[in-house]
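Residue numbers (my numbering), protein chains in the order written: chain A, 23 to 138; chain B, 245 to 353.
All C-beta atoms in this analysis are idealised placements derived from N, C-alpha and C, irrespective of residue type, glycine included.
A quick note: this is a predicted structure, and the numbers were derived from the prediction, not measured.
Reviewing the structure listed below.
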């Protein structure tokens with residue numbers, strides 16, 4: 023059981039380039055999330071999805087787009103990468119939460135992205 | 245003022261000690277409280293989840309919530325070197341979740 027798998031694990035981009043980060047989960051979870059983690063700032067929610075075909079903005083959505091065409095996959099796109107987007111990106115999933123709106127349970131191991 | 249404050253550490257204790265990790269929060273609208281453990285170069289993993297004041301125990305881990313003081317704690321008994329990690333608190337309401345910045349913990353053998 024792989025859980026949550028993120029690809030790629032590392033990537034270096036030049037300013038202005040675009041790329042897509044892929045997240046796949048095999049637990050049949052409804053909810054999926056994209057976070058970024060920066061030193062001293064904790065995890066911040068970028069976008070999330072409450073089911074196939076749905077997406078919504080989180081705390082820091084600017085500069086990112088997402089798609090959830092299949093229940094098991096959640097894609098995060100950077101249209102025109104900027105140095106401020108250098109970060110570690112984590113995908114997470116959870117079944118429909120009981121009570122709390124956001125309760126990410128299973129995280130991938132992250133994508134380390136550097137924008138030069 | 246941050247909505248959740250967490251001492252970044254690092255915190256270093258000898259093996260077998262009781263560890264206390266803490267967070268404070270500012271908004272009483274947050275009603276759900278989580279603790280995550282994150283090993284180096286790995287994703288966080290959910291350790292404990294609670295939504296009420298009081299204590300919740302799971303093995304060597306106890307989560308404590310004091311809503312009147314807006315203070316949450318995670319206690320680790322009989323700490324082991326394998327507990328060395330960064331511990332993140334998180335608070336959630338019906339519409340948002342806020343993570344603490346994490347406390348780095350090191351258990352010395």
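Start and end of the beta strand (DSSP E) containing residue 50 of chain A?
Taken as a continuous stretch (DSSP letters only), residue 50 of chain A belongs to no beta strand (DSSP E), as it is neither H nor E.
Distance, Cα to Cα, residue 318 of chain B vs residue 39 of chain A?
42 Å
By DSSP, does residue 327 of chain B sit in helix, in strand, or in coil?
helix
Strictly below 7 Å CB to CB, what residues from chain A border residue 314 of chain B?
Within chain A, no residue comes near residue 314 of chain B; the closest Cβ sits about 17 Å away, beyond 7 Å.
Assign residue 107 of chain A to one of three DSSP states: helix, strand, or coil.
helix
Nearest CA to the CA of residue 62 of chain A: which residue from B/249, B/338, B/336, B/352?
B/249
Any Cβ of chain A within less than 7 Å of the Cβ of residue 300 of chain B?
At a cut-off of 7 Å between C-beta atoms, residue 300 of chain B does not count as an interface residue with respect to chain A.
Residue 274 of chain B by DSSP, collapsed to three states: which one?
coil
Contact list for residue 63 of chain A against chain B, beta-carbon separation under 7 Å
345
Helix, strand or coil for residue 298 of chain B? Go by DSSP, reduced to three states.
Strand, per DSSP.
Give me the chain B residues within the contact set of residue 130 of chain A, using Cβ-Cβ distance strictly less than 7 Å, ordered along the chain.
287
Could you check whether the Cβ of residue 94 of chain A sits closer than 7 Å to any Cβ belonging to chain B?
no
Provide the residue(s) that pair with residue 79 of chain A in DSSP beta bridges, ordered along the chain.
A/69
Counting beta carbon pairs with one atom in the segment 278–291 of chain B and one in the segment 334–347 of chain B, are three or more of them shorter than 8 Å?
Contact between the segment 334–347 of chain B and the segment 278–291 of chain B is present: 3 or more CB-CB pairs across the two stretches fall below 8 Å.
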